[in-house]
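Undergrad: Numbering (the working numbering), first residue to last: 54 to 722. Each residue gets a CB set at the ideal place from its N, CA and C atoms; glycine is no exception. Dropping a structure here in structure tokens format, bear with me for questions.
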Ligand SMILES: Nc1ncnc2c1ncn2[C@@H]1O[C@H](COP(=O)(O)OP(=O)(O)OP(=O)(O)O)[C@@H](O)[C@H]1O
Ligand SMILES: [Mg+2]
């Protein structure tokens, strides 16, 4: 029957003969009439009645604030972990006791406050130790140190053990007189969930009912009473699995102290017998009944007054059960029986067909979620370990490659800088072969057989040499330099002669590249001086050597003295450096095999220095002067060599090539 105020949203329950119609949620027409007829209403109705600006009523504090805690507040500020075995100092690699911050502040990063109860504030946090999210409940009031029951919540929660429908406790500790309980983090409380969704669909109600029932059944099997079952203490996970939490009022029936000091839970969900007595398993069942009634009907449960008694006497208006199955309604009514003995036990409820038929499916679903959760965890740990493993394995090779590439870049930068500055880049050993390494090592040995300290051979001309200098070669035929230095104008024949001697050609090339060593120049200066004087005496008669006139010596005397000095000097140098010694009586050591040497000798002019002595014996017997004799020896030897080389057309051709390379004209040959 519709009255004038009804709308299409409203649904009348009952007939004209029955008592005044009751509007079932959510179809409400005349709220004022309804409220007059029955004080019970749904939460949605109350929200419509309640002005939006009105603040919610303050939470009722169950117990008076602990007065004695003011005097007995703990002074020990060190964190102490609470375990079933005892209380120990709490240590963590992430916790530094020297710092002012508490353990909670150092080891956890706080995300947000997820709830506030009469006993504590609950924070959603991330633990720095394992990088996982948790909920940490911090007690509002300081613990009373002399209170034996101060850790009761923790002890009972730990005693409850692991159950898929009980919030898992991670650890609990006391610091600076406050209690911290670290538990798994859930999405929200059932109260918040119901407030958002209002009357829940029945399948969801059955699932939540089974979850809560399983948790309470587990507790009852352990002779424990939760004593505070209500939607605020039931938490919903992401997978919509309900978990029972807040063991603050939990009673362990095996603990006499617990039973004695048992407190009342929230009055909205309180069984009537608890007002004058003690909580029991049956009172827990009653609280489950009230919770399911609220979740299924969205009823705004009274905390006191007439309606409070009305519900406990079994007088629940019919309209709240519209759309609810008989099974669910029957179970709710059964659990809300006034007399505790008339209520079912959790065991009976579990065996009820409507529940037992759903139980298996629900447990299978929870198991699946657990497996998925564990697999995700294992996968995460596996990936983390794999990454750590590969990081360790590839650390050294990666460092090596990095260093190689750094070195390459450095060399490239060095070379480009050198090129930019016009400096020839330093050569590096390209490939590390044993031969290459040896040659490179030898090249690093600076050979300084001579004194380079004169002006013309400064220190920077010290050079790296790959192969040692052959002593005799360095000593032979310095007269091209002699000629160059003695006279700069009349040296065309000297060039001719020097280029005609292969050995002297090598020396000349070496000297032009590396400069003339001082000791060698001392020798050849002496030679050149004697030779020049011999030539000049022959050609011009008496040309005084520069400087000789100063001492009043004759040309002859000066030359003799000079030559003697030179020879003495040479002897000293030879004794110092055996490499510079040429024992002309001993043939030069040849490194190549005789066959090759002979073949080479066919092409090469033979340097027969014995001829010098012969000619000296035959032609120059009357020459007494040593220097003159020596210079003539050299001139004769050179003439001899020139005669021989002129006979070889191959050598002539080679000499021509050499002269053309040197820029000299061919007509000098
Ligand atoms: N593990 C958790 N995950 C998500 N939210 C939580 C968790 N624990 C507590 N909460 C939120 O914090 C609120 C208060 O938590 P709790 O009931 O444990 O504190 P309490 O002080 O004991 O409350 P009560 O007034 O019921 O005694 C809860 O209603 C809930 O909203
Ligand atoms: Mg609570």
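In chain order, what are the residues with a CB under 6 Å from some non-hydrogen atom of ligand 2?
TA: Cβ-based neighbours of ligand 2 within the cut-off: 170, 285, 286 and 299.
Undergrad: Let me confirm a value: residue 619 is counted as buried when at least 16 other C-beta atoms fall within 10 Å, else exposed. Which label applies?
TA: As a working mapping, residue 619 is identified with position 566 in the chain shown. The residue is buried, with at least 16 neighbouring Cβ atoms inside 10 Å.
Undergrad: Under the rule that 16 or more other beta-carbon atoms within 10 Å means buried, what is residue 350, buried or exposed?
TA: What you label residue 350 is simply residue 297 of the chain shown in a count that begins at 1. It counts as buried.
Undergrad: Work out the CA separation of residue 190 and residue 156 for me, nearest whole Å.
TA: Counted from its first residue, the chain shown places residue 156 at position 103. Counted from its first residue, the chain shown places residue 190 at position 137. Distance between the alpha carbons of residue 156 and residue 190: 14 Å.
Undergrad: In chain order, which alpha helix (DSSP H) runs of at least 4 residues are fully inside the region 277 to 358?
TA: Counting only runs of 4 or more, we get 309 to 313 and 334 to 350.
Undergrad: Taking the alpha carbon of residue 324 as the point to measure from, which residue in 365, 224 and 426 has its own alpha carbon closest?
TA: Here residue 324 is taken as the residue at index 271 of the chain shown, counted from 1. That would be 365, whose Cα lies nearest to the Cα of residue 324.
Undergrad: Using the Cβ count rule (16 or more neighbours within 10 Å means buried), how would you classify residue 249?
TA: Residue numbering aside, residue 249 sits at position 196 when the chain shown is read from its first letter. Exposed, since its Cβ has fewer than 16 Cβ neighbours within 10 Å.
Undergrad: Once DSSP output is grouped into helix, strand and coil, what is the label at residue 437?
TA: Locating residue 437 in the chain shown gives position 384, where the first residue counts as 1. Three-state result, residue 437: helix.
Undergrad: Rounded to whole angstroms, what is the Cα-Cα separation between residue 217 and residue 99?
TA: Locating residue 217 in the chain shown gives position 164, counting from the first residue. Locating residue 99 in the chain shown gives position 46, counting from the first residue. If I take the Cα positions, the gap works out to 35 Å.
Undergrad: Can you tell me which of the three DSSP states residue 368 falls into?
TA: Position 315 of the chain shown, counted from the first residue, corresponds to residue 368. Coil, per DSSP.
Undergrad: Between the Cα of residue 284 and those of 295, 276 and 274, spot the shortest distance and give me the residue it belongs to.
TA: Your numbering for residue 284 matches position 231 in the chain shown. Of the listed residues, the one whose Cα sits closest to residue 284 is 295.
Undergrad: Round the Cβ separation of residue 388 and residue 270 to the nearest angstrom and send it over; I've been treating them as touching at under 8 Å.
TA: For the purposes of this step, residue 388 is taken as residue 335 along the chain shown, with counting starting at 1. For the purposes of this step, residue 270 is taken as residue 217 along the chain shown, with counting starting at 1. Actually they do not touch by this definition, with Cβ atoms about 13 Å apart.
Undergrad: Take residue 291 as the anchor and find which of 320, 319, 263 and 238 has the nearest alpha-carbon.
TA: Against the chain shown, residue 291 aligns to sequence position 238. If we check each option's Cα against that of residue 291, 238 comes out closest.
Undergrad: If I measure Cβ to Cβ from residue 347 and keep anything under 7 Å in the same chain, skipping five residues before and after, which residues do I get?
TA: Position 294 of the chain shown, counted from the first residue, corresponds to residue 347. So the qualifying residues of the chain are 247, 284 and 354.
Undergrad: Rounding to the nearest angstrom, what Cα-Cα distance links residue 181 and residue 161 in this structure?
TA: Along the chain shown, read from residue 1 onward, the residue named residue 181 stands at position 128. Along the chain shown, read from residue 1 onward, the residue named residue 161 stands at position 108. Using only the alpha carbons, I get a separation of about 6 Å.
Undergrad: Can you check which of these residues, 319, 304 and 321, is closest to residue 313 by C-alpha distance?
TA: Here residue 313 refers to the residue found at position 260 of the chain shown. For the residues 319, 304 and 321, the minimum Cα distance to residue 313 belongs to 304.
Undergrad: Look at the alpha carbon of residue 352 and the alpha carbon of residue 134, and state the distance between them as a whole number of angstroms.
TA: As a first step, residue 352 is located in the chain shown; it is residue number 299 there, counting from the start. As a first step, residue 134 is located in the chain shown; it is residue number 81 there, counting from the start. Computed Cα separation, rounded: 42 Å.
Undergrad: Please list, in chain order, all residues of the same chain as residue 225 whose beta carbon is under 6 Å from its beta carbon, the five residues on each side excluded.
TA: Within the chain shown, numbered from 1, the residue matching residue 225 stands at position 172. Cβ neighbours of residue 225 beyond the five flanking positions: 135, 207 and 234.
Undergrad: Between which two residues does the beta strand (DSSP E) holding residue 232 run?
TA: The count along the chain shown starts at 1 and reaches residue 232 at position 179. Where residue 232 is concerned, the enclosing beta strand (DSSP E) stretches over 231 to 237.
Undergrad: I want to check one thing, is the minimum distance from the CB of residue 242 to the heavy atoms of ligand 1 below 7 Å?
TA: Residue numbering aside, residue 242 sits at position 189 when the chain shown is read from its first letter. Flag set: Cβ of residue 242 near ligand 1.
Undergrad: I'd like the list of long-range same chain contacts for residue 266, defined as Cβ closer than 8 Å, with 5 residues on each side in sequence excluded.
TA: Numbered from its first residue, the chain shown carries residue 266 at position 213. Same-chain partners within the cutoff: 341, 399, 402, 403 and 408.
Undergrad: Are the beta-carbon atoms of residue 368 and residue 318 separated by less than 8 Å?
TA: Against the chain shown, residue 368 aligns to sequence position 315. Against the chain shown, residue 318 aligns to sequence position 265. Not closer than 8 Å, so no.
Undergrad: Just the Cα atoms here: how many angstroms apart are residue 213 and residue 278?
TA: Sequence index remark: in the chain shown, residue 213 carries index 160 (1-based). Sequence index remark: in the chain shown, residue 278 carries index 225 (1-based). Roughly 10 Å between the two C-alpha positions.
Undergrad: Return yes when the Cβ of residue 230 is within less than 8 Å of the Cβ of residue 195, no when it is not.
TA: Taking the first residue of the chain shown as 1, we reach residue 195 at position 142. Taking the first residue of the chain shown as 1, we reach residue 230 at position 177. Yes, they are a contact pair.
Undergrad: Which same chain residues end up closer than 6 Å to residue 331 when comparing Cβ atoms and leaving out the 5 residues on each side of it in sequence?
TA: Residue 331 sits at position 278 when you count from the first residue of the chain shown. Same-chain partners within the cutoff: 315.
Undergrad: Can you look up residue 164 in the DSSP assignment and give me helix, strand or coil?
TA: Taking the first residue of the chain shown as 1, we reach residue 164 at position 111. Strand.
Undergrad: For residue 205, I'd like the list of residues in its chain whose CB is within less than 6 Å of its CB, leaving aside the five on either flank, ordered along the chain.
TA: Start at 1 with the first residue of the chain shown, and residue 205 comes out as number 152. Excluding positions up to five away in sequence, the list is empty.
Undergrad: Please name the residue or residues paired with residue 405 in a DSSP beta bridge.
TA: As a position in the chain shown, residue 405 is number 352, starting the count at 1. Answer is none; residue 405 lacks a bridge partner.
Undergrad: What's the gap between the Cα of residue 383 and the Cα of residue 390?
TA: The count along the chain shown starts at 1 and reaches residue 383 at position 330. The count along the chain shown starts at 1 and reaches residue 390 at position 337. Each residue's Cα considered, the two are about 11 Å apart.
Undergrad: Return the chain-ordered list of same chain residues with a C-beta closer than 7 Å to the C-beta of residue 392, the five sequence neighbours on each side being excluded.
TA: If you number the chain shown from 1, residue 392 lands on position 339. Result list for residue 392: empty, nothing under 7 Å.
Undergrad: Is residue 194 near ligand 1, with its Cβ less than 7 Å from a heavy atom?
TA: Reading the chain shown from its first residue, position 141 is the one you call residue 194. Checking every heavy atom of ligand 1 against the Cβ of residue 194, none is found closer than 7 Å.
Undergrad: Could you give the distance in angstroms between the alpha-carbon of residue 445 and the alpha-carbon of residue 460?
TA: For the purposes of this step, residue 445 is taken as residue 392 along the chain shown, with counting starting at 1. For the purposes of this step, residue 460 is taken as residue 407 along the chain shown, with counting starting at 1. In a straight line, the C-alpha of residue 445 is about 23 Å away from that of residue 460.
Undergrad: Can you round the beta-carbon distance between residue 178 and residue 163 to whole angstroms, since I take them to be within the 8 Å contact cut?
TA: To locate residue 178, count along the chain shown from 1; it is residue 125. To locate residue 163, count along the chain shown from 1; it is residue 110. Indeed, because the Cβ distance is near 5 Å, the residues count as touching under 8 Å.
Undergrad: Going by the CB atoms, is the gap between residue 371 and residue 92 shorter than 8 Å?
TA: Locating residue 92 in the chain shown gives position 39, where the first residue counts as 1. Locating residue 371 in the chain shown gives position 318, where the first residue counts as 1. Taking 8 Å as the Cβ cut-off, residue 92 and residue 371 do not qualify as a contacting pair.
Undergrad: From the DSSP output, which residues share a beta bridge with residue 180?
TA: In the chain shown, the residue the question calls residue 180 occupies position 127. In the DSSP output, where bridge partners are listed per residue, residue 180 has 161.
Undergrad: Shortest alpha-carbon distance to residue 307 belongs to which of 297, 276, 609 and 259?
TA: In the chain shown, residue 307 corresponds to position 254, counting from 1. If we check each option's Cα against that of residue 307, 276 comes out closest.
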